[in-house]
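Number of protein chains: 2
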Amino acid sequence: MASSECTVVSETRCFQGSVIKYEHRSETLNCTMRFNAYLPDTRCTLPVLYFLSGLTCTEDNFMQKAGALRYLSDRRIILICPDTSPRGVDVEGQDAADDLGTGAGFYVDATEPQWKDHYRMYSYVTEELPALVGRHLPVDKTRVSIMGHSMGGHGALVCALRNPGKYRSVSGFAAICNPSECPWGQKAFTAYMGDHRKAWADYDATALVKRYTGPALPILLDQGDQDPFLKKGQLLPERFIRAVEDNPEKQNLHLDNHMRPGFDHSYYFIQTFIEEHIQFHARHLLA
Amino acid sequence: MASSECTVVSETRCFQGSVIKYEHRSETLNCTMRFNAYLPDTRCTLPVLYFLSGLTCTEDNFMQKAGALRYLSDRRIILICPDTSPRGVDVEGQDAADDLGTGAGFYVDATEPQWKDHYRMYSYVTEELPALVGRHLPVDKTRVSIMGHSMGGHGALVCALRNPGKYRSVSGFAAICNPSECPWGQKAFTAYMGDHRKAWADYDATALVKRYTGPALPILLDQGDQDPFLKKGQLLPERFIRAVEDNPEKQNLHLDNHMRPGFDHSYYFIQTFIEEHIQFHARHLLA
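In the order they appear, the protein sequences are chains A and B.
The opening position of the first sequence corresponds to residue 1 in the UniProt record's numbering, with each subsequent residue numbered one higher.
The opening position of the second sequence corresponds to residue 1 in the UniProt record's numbering, with each subsequent residue numbered one higher.
In structure tokens form, the structure reads like this:
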């Protein structure tokens, strides 16, 4: 544990705890990264919840806009919000569009030459970041859950389904549930992994959930029925729900799925249902 | 009531209500303005709470970051968030700094030639906007309160103290309490009103509260003791508190004042105490 591996950029009081912004050199992404932690006041280890953000977001959006910190303070759960892509790197084409490159890492490990030296957000959020967090924050490493929004909902589902037992629960707001079959996912996966559908399946929640054989996994999904990206076929939650039914061991997949009338894709939607998500994770983290 | 005077830009579901963004032509400011409303689902009129934002903010900051909407939904109070200055106007020097001009209207009616055709945020928030809101939203015009943050805390106090009986309660987060005596206020007041200290006093809460003679006015102030602008002498809450004591009719000024250890000037501070502010206003609005 080198004390220089991770520096505190700022620390801000919120409820009975602090929002701490960290900066560190990432070996996985080969660049300098920032993440936010919410740390309730504590003298002992606490459970930890990861939140993965959506397209164009940074480590700040969820911290500032979700209204989650009150509930994490009450239930004494640490929150970790990583960024959504490598930053400050030099990759051709990474700033040409909102849905590829900067702010759009899609939580995959790229294999294409253009991207593979930096765009490895899957390994970053499942390995390097948790190890770093374990060295710098008082986390109970046996009590970890994960959630996300849109692209980050996809990321959370993939992390949980590929690592049985690593996360106690997973939840998504307006998650991209079947990226291999939607325009956003096809564009990103083609760029990052080439036209290798077999490789894509390892990062597709609908493909993964069909063949999940791990221990019991509680899953909570929330979706607004007025979400424009639902209507455009970017999210496809119905495919994921059907795939759960197709799993021969579906009794281990405890899916709680909500379609919310009138709600869209924004943080106003997240604000409204965040308490239910924190309660869901708290139930499994504190059990 | 011309139906074209005010158009709905967007409507977004949040809790048991909607965030509605309006656009309208302002006669007072001589430009097109936007404001946000949070409207709980209702078939009858509801009380209304105004929130005035701080330097550099727009009508969005409080809506997105304060975590207030849950409490307004529960208590069925309409929230109105105006912008912080005229927009899209052509005034020399208005974009030279964060603390003057665009995003920094300071809730005064400018009298200096350079500013007076547009920068009249005091009349806008106390007259034109409430009249417009009254025509387009189901507000109970006898139940109105006001609050704000930083420059907006100054604005809220000035609106309440200059209009006895118009607002049932007033509150501020990290309010600029004595603008005539702080660098931010002196710069803005000199620009907008010239070097006329007598005119300044009409927009200075500390000067106004000394000579307030209206009906009982409940005032709630919250301040973080780690606020960098407190340390720099921009906020001066102690002057306001002393001035309340100096008022011969101080029994009508019901001041509840909190210094919060460890908190700064940010929306993380506001998030933490917003429930107490909504409860305070609800007590007076729903009485």
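We put the CB at the ideal spot given by N, CA and C, even for glycine.
- Item | Inter-residue CB distance, residue 42(B) and residue 179(B) (contact presumed, cutoff 8 Å) | For the purposes of this step, residue 42(B) is taken as residue 42 along the second sequence, with counting starting at 1. For the purposes of this step, residue 179(B) is taken as residue 179 along the second sequence, with counting starting at 1. Not a contact, Cβ separation roughly 37 Å.
- On the three-state DSSP scale, how would you describe residue 278(B)? If you number the second sequence from 1, residue 278(B) lands on position 278. Looking at residue 278(B) - three-state DSSP - the assignment turns out to be helix.
- Can you tell me where the alpha helix (DSSP H) with residue 230(B) in it begins and where it stops? To locate residue 230(B), count along the second sequence from 1; it is residue 230. Here the alpha helix (DSSP H) through residue 230(B) covers 228 to 231.
- Item | Contact with chain A by residue 117(B), beta-carbon distance below 8 Å | Within the second sequence, residue 117(B) is the residue found at index 117, counting from 1. Closer than 8 Å: no.
- Message: Does the region 220 to 233 of chain A come into contact with the region 185 to 199 of chain A, if we say contact requires no fewer than three beta-carbon pairs (one atom in each stretch) closer than 8 Å?
- Response: no
- Local Cβ density within 10 Å of residue 131(A), reported as buried at 16 or more and exposed below that: As a first step, residue 131(A) is located in the first sequence; it is residue number 131 there, counting from the start. Counting Cβ neighbours within 10 Å, residue 131(A) comes out exposed, since fewer than 16 surround it.
- Message: Taking 8 Å as the threshold (beta carbon to beta carbon), is residue 13(B) in contact with chain A?
- Response: On the second sequence, residue 13(B) is found 13 positions in, with the first residue counted as 1. Residue 13(B) counts as touching chain A.
- On a CA-only basis, which of 183(A), 181(A), 102(A) and 154(A) is nearest residue 170(A)? Give me that one, please. Numbered from its first residue, the first sequence carries residue 170(A) at position 170. The residue with the shortest Cα to Cα distance from residue 170(A) is 154(A).
- Message: Please state the DSSP three-state secondary structure of residue 223(B).
- Response: Residue numbering aside, residue 223(B) sits at position 223 when the second sequence is read from its first letter. The answer is strand: DSSP assigns residue 223(B) an E or B state.
- Item | Test: residue 1(A) CB closer than 8 Å to a CB of chain B | The residue you call residue 1(A) lines up with position 1 of the first sequence. Because residue 1(A) carries a pLDDT of 42, less than 50, the predicted location of this residue cannot be relied on, and the following value inherits that uncertainty. When Cβ-Cβ separations below 8 Å define contact, residue 1(A) makes no contact with chain B.
- Leaving aside the five residues before and after residue 128(B) along the sequence, list all residues of the same chain whose C-beta is less than 7 Å from its C-beta, in chain order. The sequence position of residue 128(B) within the second sequence is 128, counting from 1. So the qualifying residues of the chain are 26, 27 and 28.
- Item | Own chain residues within Cβ distance below 7 Å of residue 16(A), not counting five before or after | Counting from 1 along the first sequence, the entry for residue 16(A) is found at position 16. Correct list, in chain order: 40, 41 and 73.
- Item | Selection of the region 210 to 235 of chain B by Cβ proximity to chain A, strictly under 8 Å | 224 and 226
- Task: Assign residue 11(A) to one of three DSSP states: helix, strand, or coil.
- Result: Residue numbering aside, residue 11(A) sits at position 11 when the first sequence is read from its first letter. DSSP places residue 11(A) in strand when its eight states are reduced to three.
- Message: Closer than 8 Å is the cut-off here; do at least three beta carbon pairs connect the region 85 to 92 of chain A with the region 104 to 115 of chain A?
- Response: Enough Cβ pairs lie closer than 8 Å, so yes.
- Item | Proximal residues of chain B, C-beta to C-beta of residue 271(A) below 8 Å | Taking the first sequence and counting its residues from 1, one reaches residue 271(A) at position 271. Per Cβ cutoff of 8 Å: 14, 15, 67, 69 and 70.
- Buried versus exposed, by CB contacts within 10 Å (16 or more), residue 143(B): Working through the second sequence from its first residue, we reach residue 143(B) at position 143. It is buried - the Cβ of residue 143(B) has at least 16 other Cβ atoms within 10 Å.
- Task: Below 9 Å between beta carbons is the criterion; list the residues of the region 244 to 271 of chain B that meet it against any residue of chain A, in chain order.
- Result: 260, 261, 262, 263, 264, 266, 267, 268, 269 and 271
- chain B partners of residue 114(A), CB-CB under 7 Å? In the first sequence, counting from the first residue as 1, residue 114(A) sits at position 114. By Cβ distance, chain B contributes nothing, its closest Cβ being about 35 Å from residue 114(A), past 7 Å.
- Hey, how far is the Cα of residue 239(A) from the Cα of residue 174(A)? Start at 1 with the first residue of the first sequence, and residue 239(A) comes out as number 239. Start at 1 with the first residue of the first sequence, and residue 174(A) comes out as number 174. The straight-line gap from Cα to Cα measures roughly 13 Å.
- Counting Cβ pairs, one atom from each stretch, are 3 or more of them under 8 Å apart for the region 47 to 60 of chain B and the region 69 to 83 of chain B? yes
- Quick one: is residue 8(A) near chain B, going by C-beta distance under 8 Å? Mapped onto the first sequence, residue 8(A) falls at position 8. Not one chain B Cβ lies under 8 Å of residue 8(A).
- Whole-angstrom distance between residue 10(B) and residue 218(B), CA atom to CA atom: Residue mapping note: residue 218(B) aligns to position 218 of the second sequence, counting from 1. Residue mapping note: residue 10(B) aligns to position 10 of the second sequence, counting from 1. Residue 218(B) and residue 10(B): Cα-Cα distance of roughly 34 Å.
- Between 97(B), 263(B) and 215(B), which lies nearest to residue 164(B) when the distance is taken from Cα to Cα? Locating residue 164(B) in the second sequence gives position 164, where the first residue counts as 1. Of the listed residues, the one whose Cα sits closest to residue 164(B) is 215(B).
- Message: At the 8 Å Cβ level, is residue 64(B) part of the contact set with chain A, yes or no?
- Response: As a working mapping, residue 64(B) is identified with position 64 in the second sequence. True, the Cβ-Cβ gap to chain A drops below 8 Å.
- What is the C-beta distance between residue 264(B) and residue 34(A), in whole angstroms, given that I count them as a contact (C-beta under 8 Å)? Against the second sequence, residue 264(B) aligns to sequence position 264. Against the first sequence, residue 34(A) aligns to sequence position 34. Contact flag wrong, Cβ pair sits at about 19 Å.
- Query: What residues match up with residue 32(A) in a beta bridge as DSSP calls it?
  - Reply: The count along the first sequence starts at 1 and reaches residue 32(A) at position 32. DSSP, once it has assigned bridges, lists 25(A) as partnering residue 32(A).
- Message: If distances are taken between C-alpha atoms only, which option among 266(A), 23(A) and 183(A) comes closest to residue 19(B)?
- Response: Residue mapping note: residue 19(B) aligns to position 19 of the second sequence, counting from 1. It is 266(A) whose Cα lies nearest to the Cα of residue 19(B).
- Message: Just verifying my parser: in three-state terms, what is the DSSP assignment at residue 176(B)?
- Response: Within the second sequence, numbered from 1, the residue matching residue 176(B) stands at position 176. In this structure, residue 176(B) counts as coil in the three-state DSSP scheme.
- Which ranges would you report for the beta strand (DSSP E) in the region 33 to 91 of chain B if only whole runs of at least 3 residues count? 46 to 52 and 78 to 82
- Query: Would you report the Cα separation of residue 269(B) and residue 66(B), rounded to the nearest angstrom?
  - Reply: On the second sequence, residue 269(B) is found 269 positions in, with the first residue counted as 1. On the second sequence, residue 66(B) is found 66 positions in, with the first residue counted as 1. Annotation: residue 269(B) to residue 66(B) spans about 9 Å, alpha carbon to alpha carbon.
- Message: For a cutoff of 8 Å on Cβ pairs, would you count residue 108(B) as touching chain A?
- Response: Here residue 108(B) refers to the residue found at position 108 of the second sequence. It does not; no Cβ of chain A falls within 8 Å.
- Task: Starting from the Cα of residue 185(A), find the closest Cα among 62(A), 36(A), 205(A) and 254(A) and give me that residue.
- Result: Within the first sequence, the letter at position 185 stands for residue 185(A). Comparing Cα-Cα distances from residue 185(A) to each of 62(A), 36(A), 205(A) and 254(A), the minimum goes to 205(A).
- Item | Straight-line Cα distance separating residue 275(A) from residue 147(B) | The residue you call residue 147(B) lines up with position 147 of the second sequence. The residue you call residue 275(A) lines up with position 275 of the first sequence. The straight-line gap from Cα to Cα measures roughly 26 Å.
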